[in-house]
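**Q** Note that UniProt numbering has the sequence shown beginning at 1, numbered continuously upward. Using N, Cα and C, we set each Cβ at its ideal position, and we do this for glycine too.
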Amino acid sequence: MSSDSSAKIETVLQEERVFNPSDETINRASIKGFAQYQKMVNSAKSDPQKFWGEAALEGLHWFKPFNTVLDWTDPPFARWFDGGKTNVSYNCLDRHVKQGKGEKIAIIWEGEPGEVRKITYKQLLEQVCRTANALKEIGIKKGDLVALYMPMVPEAAVAMLACARIGAPHSVVFGGFSSEALRDRINDGQAKAIITADGGFRKDKIISLKNAVDSALSGNSCPSVESVLVVKRTSESISFSPGRDYWWHELVPAQSIDCPAEEMDSEDRLFVLYTSGSTGKPKGVVHTTAGYNLWAHMTFQWIFDVREEEIYWCTADVGWITGHSYIVYGPLSNGSTTVMYEGVPRPSNPGAFWDLIERHKINIFYTAPTAIRAFMKSGRDIPDKYNLKSLRLLGTVGEPINPEAWIWYRDVIGGNSCPIVDTWWQTETGGVMISPLPGAIPTKPGSATLPLPGIEAEIVNAEGKSVDVNQGGYLVIKHPWPGMMRTVHGNPQRFRESYWEYLPPINGSLVYFAGDGARRDKDGYFWIMGRVDDVINVSGHRLGTMEIESALVSHNSVAEAAVVGKPDDIKGEAIVAFVTLESGANHNEKLLTDLKVHVSTEIGAIARPDEIRFTNSLPKTRSGKIMRRLLRALAAGEEVKGDTSTLEDRNVLDELRK
Ligand code: PRX
């Protein structure tokens, strides 16, 4: 494969640029070259039990080794590493301190107002032990669920690890969710305690978390909750309920630093994390101890390949799976230095991310395509003001990245030399499933490339038959893997039906359906087309909304685009595009026609939008995902129904309705 960074994108479907790993990248990588990757793939395939068994013995500390690697006698309910005893907090802390790494920085934290805290592994272990003892003091026992509703402060990571230490599964609820959403999640999981803060800083404002907790609990609406532990962060005045509420700074520092890690069974629950299904109420995705720990550990090592002295930063919030696996568990299990940042880029500090990279000399940076597109929109002048030379690897996660954003990321942020890892995965998969390994796999802009060793991914049609090269279909995983979700909390039937019985078995075996459409190119590379509900069918042709969006975004005037299908008597579905423009661009009839022609030229006449609507912003969840469900309703002229609680800015809906 050849490398050609200057080629112009003709169409998204025909994106053909390939970036081979540089010699420098290969030389420093642990997995060097495609042949080594292939060798790992082959050994995982020929003897998965041996492959995962060895990985688990090497990657984790065991109080007692396991008897079996995988028990798949009752699919889709997998049991990994049965008989083994381990503890995730021990793997993330004690073993590094025991190996003489106690003085190494575990967490570099920066608050939005600018304060910085650096916490060594030894200090983190002590804080986790104290917090674990505090939890015991307020009556939390092994097996009790603890809800976390926290800002991005180190105490969030400390609390997660403290729960893991005593075997109390956590349920982290993103701090941007409303009190109603919090209440639903508390009640679904029957949380016994809540760990929160008075508030947090976000976009130069204060978010009042404790008030939201009070409303969630008001009128005895969460009877399972016995206590609330409150971190003081903003010092705003809050109400306190004696006997139920405790200040962290009073309870925790008074505890002993001695708290041996509970010896957990491999399949004991580590956490529940709620995620939206296609309809209905959020699903509590259950992850268990050993398999999840191993998956976060190995995938972090394989993909980011962090060296001892390097500094790694993932910009997610701990309220999402990315924060769980790649701010807390993956980096700490590997003994790396992980950065936590409370803030986001905002008008008062649009260069916040680049400033952090410059000051902390960050080497590995992992963020979301939506952020990259926002940076593109505000122009390269902002990042160009900072020294980003410390960077050596860039990552993206959460949605398909359009080739233009990928190239911009590589050029402007990565100085044209950092490899990009486009990592495909989900809350349900626990960790990354499809991604380049920087020293082994050539990258193509917009493709998550190839499955990790041990992951057998395929594209099939509704009958479960493999589709041809470049044909869109359902992305499925054919074998269980250690990091897979174990069930939907309280609803095993939903787990079975939505993930494992959506498509027919292949060769008699159940397959995991991820909910995404994808295609594979002639090199076997995976191109994620978006959720299947985002795939539209126009006159019998299947199109990824993402491909049309990508084409639109490749137009100079377009900053961001969201495309949805709208019922059409003749074609089945018609294409509606919601478009935000670059500053300075005028939305007039001419541009409208230009954009339609542009899409026809980029992909084909079949993809030409029937309707383009200009808007100042798109409706997004607080995690940055465009809520296409709302756009579909608007495009169809229907009332917007269902849950809009995850919407970041409700005004966007009103603007779009106009
Ligand atoms: O549609 C895929 C998209 O995000 C979904 C999973 O969302 P969530 O569970 O919130 O987890 C997000 C962080 C892992 C997937 O079904 N997605 C995630 N990563 C990518 C992606 N789509 C394309 N490319 C990716 N790299």
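Taking the alpha-carbon of Asn-588 as reference, which of His-297, Thr-615, Thr-196 and Ile-575 has the nearest alpha-carbon?
**A** By 1-based counting over the sequence shown, the position of residue 588 is 588. Checked all of His-297, Thr-615, Thr-196 and Ile-575; the closest Cα to Asn-588 is Thr-615.
**Q** Determine whether the beta carbon atoms of Asn-387 and Glu-310 lie at a separation below 8 Å.
**A** Residue numbering aside, residue 387 sits at position 387 when the sequence shown is read from its first letter. Residue numbering aside, residue 310 sits at position 310 when the sequence shown is read from its first letter. No, Cβ-Cβ distance for Asn-387 and Glu-310 is not below 8 Å.
**Q** In three-state terms, what does DSSP make of Gly-540?
**A** In the sequence shown, counting from the first residue as 1, residue 540 sits at position 540. With a pLDDT of only 47 at Gly-540, under 50, the local geometry of the prediction cannot be trusted, and no value is derived from it.
**Q** By DSSP's criteria, Asp-47 is part of a beta bridge. Which residues make up the other side?
**A** Here residue 47 refers to the residue found at position 47 of the sequence shown. Note: Asp-47 sits in no beta bridge, so no partner.
**Q** Ile-327 to Asp-594, Cα distance in whole Å?
**A** Your numbering for residue 327 matches position 327 in the sequence shown. Your numbering for residue 594 matches position 594 in the sequence shown. The alpha-carbon atoms of Ile-327 and Asp-594 are separated by roughly 43 Å.
**Q** Out of curiosity, what's the CA-to-CA distance linking Ile-238 and Asp-643?
**A** If you number the sequence shown from 1, residue 238 lands on position 238. If you number the sequence shown from 1, residue 643 lands on position 643. C-alpha separation (whole angstroms): 29 Å.
**Q** Please state the DSSP three-state secondary structure of Trp-320.
**A** Within the sequence shown, numbered from 1, the residue matching residue 320 stands at position 320. Note: Trp-320 maps to coil in three-state DSSP.
**Q** In its own chain, which residues sit with a C-beta less than 6 Å from the C-beta of Thr-487, not counting the 5 before and 5 after it?
**A** Residue mapping note: residue 487 aligns to position 487 of the sequence shown, counting from 1. Taken in chain order, the residues that qualify are Val-286 and Phe-495.
**Q** Is it buried or exposed, Trp-320, if we count other Cβ atoms within 10 angstroms and call 16 or more buried?
**A** Taking the sequence shown and counting its residues from 1, the one referred to as residue 320 is at position 320. Answer is buried; the Cβ neighbour count reaches 16.
**Q** Tell me, to the nearest whole angstrom, how far the beta carbon of Lys-142 is from that of Tyr-121; I am working on the premise that it is less than 8 Å.
**A** The sequence position of residue 142 within the sequence shown is 142, counting from 1. The sequence position of residue 121 within the sequence shown is 121, counting from 1. That pair is no contact at about 25 Å.
**Q** Run through the DSSP bridge pairs and tell me what Ser-466 is partnered with.
**A** Numbered from 1 along the sequence shown, position 466 holds the residue referred to as residue 466. Looking at the DSSP assignment, Ser-466 forms a beta bridge with Val-460.
**Q** Closer than 7 Å: is that where the CB of Trp-62 sits relative to any heavy atom of the ligand PRX?
**A** Working through the sequence shown from its first residue, we reach residue 62 at position 62. For the ligand PRX, not one heavy atom lies less than 7 Å from the Cβ of Trp-62.
**Q** Using the Cβ count rule (16 or more neighbours within 10 Å means buried), how would you classify Lys-620?
**A** Within the sequence shown, the letter at position 620 stands for residue 620. The residue is buried, with at least 16 neighbouring Cβ atoms inside 10 Å.
**Q** What do you reckon, is the C-beta of Val-538 under 7 Å from a heavy atom of the ligand PRX?
**A** Locating residue 538 in the sequence shown gives position 538, where the first residue counts as 1. No, the Cβ of Val-538 stays beyond 7 Å of every heavy atom of the ligand PRX.
**Q** Beta-carbon within less than 8 Å of Ser-617's beta-carbon, same chain only, minus the 5 sequence neighbours each way: which residues are those?
**A** Looking up residue 617 in the sequence shown gives position 617. Within the same chain, Ser-617 has close Cβ partners Thr-580, Asp-649, Val-652 and Glu-655.
**Q** Contact defined as beta carbons within less than 8 Å: I believe Ile-140 pairs with Lys-192. What is the distance between those atoms, to the nearest angstrom?
**A** Looking up residue 140 in the sequence shown gives position 140. Looking up residue 192 in the sequence shown gives position 192. Contact holds; Cβ gap of about 6 Å.
**Q** Per DSSP, Ile-119 is paired with what?
**A** Along the sequence shown, one-based indexing puts residue 119 at 119. Paired residues: Ile-107.
**Q** Can you grab the Cα-Cα spacing for the pair Lys-389 / Ile-357, in whole Å?
**A** The residue given as residue 389 occupies position 389 in the sequence shown. The residue given as residue 357 occupies position 357 in the sequence shown. Each residue's alpha carbon lies about 9 Å from the other.
**Q** Comparing alpha-carbon positions, which option in Arg-183, Asp-204, Ala-254 and Ser-208 lies nearest Gly-219?
**A** By one-based count along the sequence shown, residue 219 stands at place 219. Among Arg-183, Asp-204, Ala-254 and Ser-208, the Cα nearest to that of Gly-219 belongs to Arg-183.
**Q** Going by alpha carbons, who is nearest to residue 663 out of Asp-268, Ser-178, Leu-145 and Gln-493?
**A** Because the chain here runs from 1 to 658, residue 663 falls outside it and cannot be looked at.
**Q** Give the secondary structure of Ser-6 by DSSP, where H, G and I count as helix, E and B as strand, and everything else as coil.
**A** Reading the sequence shown from its first residue, position 6 is the one you call residue 6. Because the pLDDT of Ser-6 is 29, which lies under 50, any placement of that residue in the model is unreliable, and the number read from its coordinates should be weighed accordingly. Three-state DSSP puts Ser-6 in coil, outside helix and strand.
**Q** Alpha carbons only, please: which of Asn-507, Leu-503, Gly-323 and Ser-336 is nearest the one belonging to Gly-175?
**A** Position 175 of the sequence shown, counted from the start, is the residue given in the question as residue 175. Of the candidates Asn-507, Leu-503, Gly-323 and Ser-336, the one whose C-alpha sits nearest the C-alpha of Gly-175 is Gly-323.
**Q** Per DSSP, which residues does His-287 bridge with? Please list them.
**A** Indexing the sequence shown from 1 puts residue 287 at position 287. DSSP lists Phe-271 as partners of His-287.
**Q** What span of residues does the beta strand (DSSP E) with Leu-475 cover, start to end?
**A** Along the sequence shown, read from residue 1 onward, the residue named residue 475 stands at position 475. Looking at the DSSP string, the run of the beta strand (DSSP E) that includes Leu-475 is 473 to 477.
**Q** If the criterion is Cβ atoms closer than 8 Å, does the pair Tyr-525 and Ile-477 meet it?
**A** In the sequence shown, the residue the question calls residue 525 occupies position 525. In the sequence shown, the residue the question calls residue 477 occupies position 477. No. Outside cutoff.
**Q** Within the same chain, show all residues whose beta-carbon is closer than 8 Å to that of Ala-35, passing over the 5 residues directly before and after it, in chain order.
**A** Here residue 35 is taken as the residue at index 35 of the sequence shown, counted from 1. Counting only Cβ-Cβ distances below 8 Å, and skipping sequence neighbours, we find nothing.
**Q** Can you give me the Cβ contacts of Gln-471 inside the same chain, cut-off strictly under 7 Å, excluding the 5 residues immediately before and after it?
**A** Here residue 471 refers to the residue found at position 471 when the sequence shown is read from its first residue. Same-chain partners within the cutoff: Arg-519.
**Q** Please state whether DSSP places Thr-315 in a helix, a strand or coil.
**A** Here residue 315 refers to the residue found at position 315 of the sequence shown. Thr-315 falls in the coil class under three-state DSSP.
**Q** If we ignore side chains and look at the alpha-carbon of each, how far apart do Ser-256 and Val-128 end up?
**A** The residue given as residue 256 occupies position 256 in the sequence shown. The residue given as residue 128 occupies position 128 in the sequence shown. When rounded, the distance between both Cα atoms is 10 Å.
**Q** Where does Met-1 land, buried or exposed, given buried means 16+ other C-beta within 10 angstroms?
**A** Position 1 of the sequence shown holds residue 1. Because Met-1 carries a pLDDT of 31, less than 50, the predicted location of this residue cannot be relied on, and no value is offered for it.
**Q** Which term fits Val-69, buried or exposed, when burial requires 16 or more other beta carbons within 10 angstroms of its beta carbon?
**A** Position 69 of the sequence shown holds residue 69. Buried is the call here.
**Q** Is Thr-234 near Phe-201, with beta carbons less than 8 Å apart?
**A** What you label residue 234 is simply residue 234 of the sequence shown in a count that begins at 1. What you label residue 201 is simply residue 201 of the sequence shown in a count that begins at 1. Yes, the pair counts as a contact, with Cβ atoms nearer than the cut-off.
**Q** Could you check if Ser-509 is buried or exposed, using at least 16 other CB atoms within 10 Å of its CB as the buried criterion?
**A** Translated into the one-based positions of the sequence shown, residue 509 becomes position 509. So Ser-509 counts as exposed.
**Q** Quick check on DSSP: helix, strand or coil for Ser-278?
**A** For the purposes of this step, residue 278 is identified with residue 278 of the sequence shown, where counting begins at 1. A caution first: Ser-278 carries a pLDDT of 45, below 50, which makes its placement in the model too unreliable to give a value.
**Q** Going by other Cβ atoms of all chains shown within 10 Å of its Cβ, with 16 needed for buried, is Phe-63 buried or exposed?
**A** Taking the sequence shown and counting its residues from 1, the one referred to as residue 63 is at position 63. Exposed, because fewer than 16 other Cβ atoms sit within 10 Å of the Cβ of Phe-63.
**Q** Examine the ligand PRX and report whether any of its heavy atoms sits within less than 7 Å of the Cβ of Asp-516.
**A** Taking the sequence shown and counting its residues from 1, the one referred to as residue 516 is at position 516. Correct: Asp-516 has its Cβ closer than 7 Å to the ligand PRX.
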